[in-house]
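*Asks:*
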Amino acid sequence: MCGIAGYIGPRNAVEVVFDQLKRLEYRGYDSAGVAFPVNGHIEVLKRAGKLTELQKLIGEEPRDSRIAIAHSRWATHGGPTNENAHPHYDAYERIAIIHNGIIENYLELREELLAKGHKFRSQTDTEVAAHVIGEEYAGGISLEEAVRKGVKRLRGAYALVVLSQSEEGKIVAARNASPLVLGVGSGENLLASDIPALLPYTREVVILEEDSIATLTTAGIQVMDLDGRPKPLEPIHIEWDIAAAERGGYEHFMLKEIHEQPEVLRQCIAGRVDDKLEIRLDQVFSEHVWTEIDRVNIIACGTAYNAGLMGKHLFEKLLRLPTDVYYSSEFRYGDPVLSPRSLAIFVSQSGETADTLAALRLCKSRRIRTLGIVNVIGSSIARECDRTIFTQAGPEISVASTKAYTAQVTVLTLLAMYIAQVQEMPGVRVEEAVQELVGLAERAEVCLKLEDQMIGLAEKYKDMPLCFFLGRGADANVALEGALKLKEIAYIPTEESPAGEMKHGPLALVQPGVIAMFGSTDREVRDKVVSSMKEIQARGGTVIAIVTDDDTVTEKAADEIVRIPGSKLEFLSALLTIIPMQLFAYHVARLRGCEIDQPRNLAKSVTVE
Ligand code: M6R
Numbered sequence: 020m021c022g023i024a025g026y027i028g029p030r031n032a033v034e035v036v037f038d039q040l041k042r043l044e045y046r047g048y049d050s051a052g053v054a055f056p057v058n059g060h061i062e063v064l065k066r067a068g069k070l071t072e073l074q075k076l077i078g079e080e081p082r083d084s085r086i087a088i089a090h091s092r093w094a095t096h097g098g099p100t101n102e103n104a105h106p107h108y109d110a111y112e113r114i115a116i117i118h119n120g121i122i123e124n125y126l127e128l129r130e131e132l133l134a135k136g137h138k139f140r141s142q143t144d145t146e147v148a149a150h151v152i153g154e155e156y157a158g159g160i161s162l163e164e165a166v167r168k169g170v171k172r173l174r175g176a177y178a179l180v181v182l183s184q185s186e187e188g189k190i191v192a193a194r195n196a197s198p199l200v201l202g203v204g205s206g207e208n209l210l211a212s213d214i215p216a217l218l219p220y221t222r223e224v225v226i227l228e229e230d231s232i233a234t235l236t237t238a239g240i241q242v243m244d245l246d247g248r249p250k251p252l253e254p255i256h257i258e259w260d261i262a263a264a265e266r267g268g269y270e271h272f273m274l275k276e277i278h279e280q281p282e283v284l285r286q287c288i289a290g291r292v293d294d295k296l297e298i299r300l301d302q303v304f305s306e307h308v309w310t311e312i313d314r315v316n317i318i319a320c321g322t323a324y325n326a327g328l329m330g331k332h333l334f335e336k337l338l339r340l341p342t343d344v345y346y347s348s349e350f351r352y353g354d355p356v357l358s359p360r361s362l363a364i365f366v367s368q369s370g371e372t373a374d375t376l377a378a379l380r381l382c383k384s385r386r387i388r389t390l391g392i393v394n395v396i397g398s399s400i401a402r403e404c405d406r407t408i409f410t411q412a413g414p415e416i417s418v419a420s421t422k423a424y425t426a427q428v429t430v431l432t433l434l435a436m437y438i439a440q441v442q443e444m445p446g447v448r449v450e451e452a453v454q455e456l457v458g459l460a461e462r463a464e465v466c467l468k469l470e471d472q473m474i475g476l477a478e479k480y481k482d483m484p485l486c487f488f489l490g491r492g493a494d495a496n497v498a499l500e501g502a503l504k505l506k507e508i509a510y511i512p513t514e515e516s517p518a519g520e521m522k523h524g525p526l527a528l529v530q531p532g533v534i535a536m537f538g539s540t541d542r543e544v545r546d547k548v549v550s551s552m553k554e555i556q557a558r559g560g561t562v563i564a565i566v567t568d569d570d571t572v573t574e575k576a577a578d579e580i581v582r583i584p585g586s587k588l589e590f591l592s593a594l595l596t597i598i599p600m601q602l603f604a605y606h607v608a609r610l611r612g613c614e615i616d617q618p619r620n621l622a623k624s625v626t627v628e
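Taking the numbering used here, the leading residue of the sequence shown gets 20, the next gets one more, and so forth.
1. Going by DSSP, what residues sit across from F55 in a beta bridge?
2. Determine the closest residue to A104 out of G52, G188 and D144, with distance taken between C-alpha atoms.
3. Indicate, with yes or no, if the ligand M6R has a heavy atom lying under 8 Å from the CB of L621.
4. Unbroken beta strand (DSSP E) runs of length 3 or more, entirely within the stretch 224-295: which are they?
5. Residues in the same chain with beta-carbon distance under 8 Å from C320, minus the five sequence neighbours each way, listed in chain order, please.
6. Spell out the partners DSSP gives A87 in its beta bridges.
7. By the 10 Å Cβ neighbour count, where 16 or more other Cβ atoms means buried, how is Y352 classified, buried or exposed?
8. Kindly examine the ligand M6R and report whether one of its heavy atoms sits closer than 8 Å to the Cβ of C320.
9. Does the count of Cβ pairs from the stretch 228-241 and the stretch 281-293 closer than 8 Å reach three?
10. Is G330 near the ligand M6R - that is, is its Cβ less than 8 Å away from at least one heavy atom of it?
11. Based on Cα-Cα distance, which residue from L390, I318 and G247 lies nearest to W309?
12. So, do the stretch 567-585 and the stretch 547-557 have three or more beta carbon pairs nearer to each other than 8 Å?
13. What are the start and end residues of the alpha helix (DSSP H) that includes D374?
14. What does C486 pair with, by DSSP beta-bridge criteria?
15. Grab the span of the beta strand (DSSP E) containing T573 for me, first residue to last.
16. Short check: CB of R314 to CB of L362, under 9 Å?
17. Quick one: what does DSSP say N669 is sitting in, helix, strand or coil?
18. Measuring only the C-alpha atoms, how far is I583 from G97?
19. In terms of DSSP beta bridges, what is G629 paired with?
20. If you pair each beta-carbon of the stretch 476-489 with each one of the stretch 287-295, do three or more pairs fall below 8 Å?
21. Taking 8 Å as the cut-off, is the beta-carbon of L503 closer than that to any non-hydrogen atom of the ligand M6R?
22. Alpha carbon to alpha carbon, what distance is there between I563 and T407?
23. Give me whichever residues DSSP pairs with I598 in a beta bridge.
24. Using 8 Å as the Cβ pair cut-off and three pairs as the minimum, do the stretch 187-199 and the stretch 84-98 touch?
25. Quick one: measure Cβ to Cβ for C404 and L595, integer angstroms, because I've assumed they're closer than 8 Å.
26. Whole-angstrom Cβ separation of S586 and E455, contact assumed at under 8 Å?
27. Please confirm whether any heavy atom of the ligand M6R lies closer than 8 Å to the CB of G532.
28. Under 8 Å from any heavy atom of the ligand M6R, does the C-beta of Q368 make it?
29. Which whole-angstrom value is the C-beta distance of L602 and L469, which I expect to be below 8 Å?
30. Between which two residues does the alpha helix (DSSP H) containing T310 stretch?
31. Using the Cα positions of L621 and R248, report the straight-line distance between them to the nearest angstrom.
32. Tell me which residue opens and which closes the beta strand (DSSP E) that D343 is part of.
33. Between the Cα of A176 and the Cα atoms of I77, E228, R222 and L132, which residue gives the shortest distance?
34. Taking the beta carbon of I114 as the centre, do at least 16 other beta carbons fall within 10 Å, making it buried, or is it exposed?
Shown next as C-alpha cells:
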C-alpha cells in the first residue's frame with residue numbers, strides 16, 4: 020500500500036521526506052512524488068518508477084524547504100504513470116494532496132466536478148479528493164476547515180495529507196480507515212503511513228484515530244474530530260528497532276499479513292458494493308458478455324489455484340456455470356479444449372508467474388476472452404488480460420501467501436454475485452449474500468482472536484510427523500490451502516483430500532501421533548464429516564476441528580475444537596477457516612525455528628518455468 024511522509028521543522032524538509040520514503044520502500048510502490056513550497060507556490064515533483072527516478076528530478080536543482088510532503092504510490096485507480104503519481108493539485112493549484120486508501124464515491128464526485136468545469140490530469144480518486152477539498156478552500160476558510168468539510172463529502176478509506184501555498188507553516192492530515200501516524204519532535208513534527216519512517220527522527224508517536232484531522236506546525240500538533248472538537252494528543256514511546264517497525268512490530272511479515280486480512284477484505288470490496296448492496300463491476304465486461312459465457316476456466320498456481328477452486332465451487336453452486344480449474348503448468352501443455360464462448364480467468368498475486376503468463380498467452384492466441392484477478396497493478400498478467408480485477412490487498416512480502424488468498428476468493432465471490440445480479444438469476448438472493456460479504460471483515464477480526472488458542476495447539480502438536488487437512492465441499496478446498504501453508508513454512512508433510520476420500524487410500528497413513536485438521540462449516544454434511552473424524556481417531560490419530568459457533572454436533576467428536584463465527588453463506592464460513600489454519604502453520608513453524616518469511620527452496624514470484 021502507499022507510503023506517506025511529511026515533515027515541518029528546521030531541517031531540509033525535502034531531504035527528510037525523501038529519506039522517509041526510502042524507509043517505506045519495503046512496502047512496494049510503483050511511483051513517487053514530493054511537494055514543497057517555493058516562492059509562494061507549491062512545487063510538485065513526481066515520477067513513475069523507483070525512488071531513484073524521483074531523486075534525479077529532485078537533484079536537478081538545489082531544493083531547500085522547511086516543510087514538505089511525499090508519497091510512494093502502489094497503483095489502484097489508474098496505472099503507474101507520472102500523471103497518476105501523487106501529490107495532486109486541486110483545480111487552482113493552491114493545495115497539493117497525497118493519499119492512501121480508496122475513495123469509493125470518486126466517480127460520482129468526478130462527474131459533479133466535471134459538470135462545474137473542473138479538469139483532471141489523472142485517472143486517480145486522489146485528484147478528485149484534492150479538487151473537493153480545494154473547492155471548500157476556495158470559500159476562504161482555513162486549511163483545516165476545508166479538509167474537515169471536504170472529507171465529509173468523501174466516502175471510503177483515506178489517510179490524506181494536504182499542503183497549502185497560502186498557509187505555508189502547516190501540514191493538515193485526515194484519517195479514516197487507512198493508517199496514519201504522527202511523530203512528535205522538539206521544534207519539528209512529522210507524519211507517515213507507518214512507524215519506521217518516523218523512528219530516525221523521533222520515538223514519540225501518535226496513532227491518529229479514525230475520523231480525525233491533525234494540524235502539524237513547528238510549535239506542535241493539534242488534533243480534532245470531524246465536527247471540529249479538539250481531541251487529546253496521546254503519544255506512545257516506540258521501543259522497536261527499525262526492522263521490527265517495518266513489520267509493524269510483528270515478528271514476521273507473514274504474521275503481519277495474516278493480521279491485515281480484515282483490512283484487506285474491506286479494501287477488496289471498497290468501491291465495489293454500493294449503498295443499495297449492489298455490486299459494481301461494470302468496468303469488467305459489458306453486461307451482455309456475461310450472458311454469452313457458457314464455461315469458465317480458472318488457471319493459476321499454488322495458493323492462487325486453491326483460490327480458483329473456491330471460485331469453481333461458487334460458480335457451479337450459485338450460477339450453475341460449468342467451471343474447471345487448471346494448474347497453469349498443466350494447462351499450457353495440456354492441449355485444452357476451449358469453447359469460443361468460454362472465459363479464462365487468471366488468478367495471480369504477483370501477476371508475473373511464468374506458467375500463468377504462458378497459459379494466458381495461449382488463450383489469447385486462441386481468441387478466448389481473458390480476465391485477470393491480480394494483486395500487482397502494472398504486472399504482465401494484469402497488462403495482457405482483456406480485463407483485470409485487482410485484489411487491492413496491498414504488497415504481500417512473505418513468500419507464504421495469506422492475505423492474497425482471502426482477497427482472491429473475495430474477488431471471485433464478488434464476481435459470482437455480480438454475474439447473478441446481471442443475469443437476475445431467480446433463486447439467488449444477491450443482496451443477502453452481499454450483506455454477508457460486507458460483514459466478513461468483522462468476522463475475520465474475531466478469527467484473529469483465536470491466535471492464543473492456535474499457539475496452544477501449535478505447542479502441543481508441533482512435533483507431529485504428518486498432518487492431514489480434510490473437509491467436504493468448500494471446506495475441502497480450504498483444506499488444500501491450509502496444508503500448503505504448513506508444509507511450505509514448517510516443513511511438515513501433509514496429506515490433503517476431501518474427507519470422503521480418506522478410506523480410499525490415505526487412511527493407511529494414520530497412526531498415533533498423526534494430526535488431522537478438519538474444516539467443518541457445512542451443516543448438510545456435518546454427520547458425514549464426524550464419521551471421517553471417527554475413522555481417524557479409531558486408528559490413533561488426533562482430530563482438530565474448526566467449526567462454526569452454532570455447531571453442537573462436531574464438538575462431541577473432535578479432540579480439539581476451534582470455533583469461528585458462522586455466516587449465512589456457508590461458503591464464507593469455509594473461507595474464514597483459513598485464518599486459524601494460517602495461524603497454526605505460522606506458530607508451528609516459529610516453534611520449530613523455521614525461516615518463516617523466506618522458506619527454503621521457495622521464491623515469492625516464480626518467473627521461470
Ligand atoms: O504470484 P502468484 O499468485 O501467481 O503465485 C502463485 C504461487 O507461486 C504462490 O501462490 C505460491 O504457491 C505461494 N508461495 C503459496 O504460499
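Yeah, the Cβ is synthetic: ideal placement off N, Cα and C, and Gly gets one too.
*Replies:* In this structure, then:
1. Here residue 55 refers to the residue found at position 36 of the sequence shown. By DSSP's assignment, F55 forms a beta bridge with E62.
2. In the sequence shown, residue 104 corresponds to position 85, counting from 1. Selected option, being the one with the closest Cα: G52.
3. By one-based count along the sequence shown, residue 621 stands at place 602. Because some heavy atom of the ligand M6R lies under 8 Å away, the Cβ of L621 counts as near it: yes.
4. The stretch 224-295 is shown to contain whole beta strand (DSSP E) runs of 3 or more residues at 231-235 and 240-244, in chain order.
5. As a position in the sequence shown, residue 320 is number 301, starting the count at 1. Hits under 8 Å: Y346, S347, S348, S367, T372, D374, T375 and V625.
6. Position 68 of the sequence shown holds residue 87. In DSSP, A87 forms a bridge with Y26.
7. Translated into the one-based positions of the sequence shown, residue 352 becomes position 333. Counting of Cβ neighbours within 10 angstroms places Y352 among the exposed residues, the total staying below 16.
8. Counted from its first residue, the sequence shown places residue 320 at position 301. Yes, since a heavy atom of the ligand M6R falls inside the 8 Å radius drawn around the Cβ of C320.
9. With a cut-off of 8 Å, the stretch 281-293 and the stretch 228-241 do not count as touching, because too few Cβ pairs lie within range.
10. Position 311 of the sequence shown, counted from the start, is the residue given in the question as residue 330. No, the Cβ of G330 stays beyond 8 Å of every heavy atom of the ligand M6R.
11. Here residue 309 is taken as the residue at index 290 of the sequence shown, counted from 1. Checked all of L390, I318 and G247; the closest Cα to W309 is L390.
12. Result yes; three or more Cβ-Cβ pairs closer than 8 Å.
13. Residue numbering aside, residue 374 sits at position 355 when the sequence shown is read from its first letter. Unbroken alpha helix (DSSP H) run through D374: A373 to S384.
14. As a position in the sequence shown, residue 486 is number 467, starting the count at 1. Residue pairing of C486 in beta bridges, as defined by DSSP: T513 and I534.
15. Taking the sequence shown and counting its residues from 1, the one referred to as residue 573 is at position 554. Element bounds for T573: n/a, residue is neither H nor E.
16. As a working mapping, residue 314 is identified with position 295 in the sequence shown. As a working mapping, residue 362 is identified with position 343 in the sequence shown. If you check the CB distance, R314 and L362 come in under 9 Å.
17. In the structure as shown, the chain begins at 20 and stops at 628. Residue 669 is therefore absent and cannot be evaluated.
18. Locating residue 583 in the sequence shown gives position 564, counting from the first residue. Locating residue 97 in the sequence shown gives position 78, counting from the first residue. A straight line joining the alpha-carbon of I583 with that of G97 spans about 37 Å.
19. Because residue 629 is not part of the residues shown, which for the chain are 20 to 628, the question remains open.
20. Too few Cβ pairs lie closer than 8 Å, so no.
21. The sequence position of residue 503 within the sequence shown is 484, counting from 1. It does: the Cβ of L503 is within 8 Å (strictly closer) of some heavy atom of the ligand M6R.
22. In the sequence shown, counting from the first residue as 1, residue 407 sits at position 388. In the sequence shown, counting from the first residue as 1, residue 563 sits at position 544. When only Cα atoms are considered, T407 and I563 end up about 38 Å apart.
23. If you number the sequence shown from 1, residue 598 lands on position 579. DSSP output for I598 lists no bridge partner at all.
24. Inter-segment contact for the stretch 187-199 and the stretch 84-98 is present: three or more beta-carbon pairs are separated by less than 8 Å.
25. On the sequence shown, position 385 is the one that residue 404 refers to. On the sequence shown, position 576 is the one that residue 595 refers to. 29 Å between Cβ atoms; not a contact.
26. Working through the sequence shown from its first residue, we reach residue 586 at position 567. Working through the sequence shown from its first residue, we reach residue 455 at position 436. With a Cβ gap of about 5 Å, S586 and E455 count as contacting.
27. Locating residue 532 in the sequence shown gives position 513, where the first residue counts as 1. The nearest non-hydrogen atom of the ligand M6R is 8 Å or more from the C-beta of G532.
28. In the sequence shown, residue 368 corresponds to position 349, counting from 1. Q368: yes, Cβ under 8 Å from the ligand M6R.
29. Here residue 602 refers to the residue found at position 583 when the sequence shown is read from its first residue. Here residue 469 refers to the residue found at position 450 when the sequence shown is read from its first residue. Rounded to whole angstroms, the Cβ separation of L602 and L469 is 7 Å, and the two are in contact under 8 Å.
30. Translated into positions along the sequence shown, residue 310 becomes position 291. Run containing T310: E306 to E311, per the alpha helix (DSSP H) assignment.
31. Against the sequence shown, residue 621 aligns to sequence position 602. Against the sequence shown, residue 248 aligns to sequence position 229. Answer to the nearest angstrom: the Cα atoms are 52 Å apart.
32. As a position in the sequence shown, residue 343 is number 324, starting the count at 1. Where D343 is concerned, the enclosing beta strand (DSSP E) stretches over T342 to Y346.
33. Indexing the sequence shown from 1 puts residue 176 at position 157. Nearest in C-alpha terms to A176, of all of I77, E228, R222 and L132, is E228.
34. For the purposes of this step, residue 114 is taken as residue 95 along the sequence shown, with counting starting at 1. Looking at its Cβ environment, which holds 16 or more other Cβ atoms inside 10 Å, I114 is buried.
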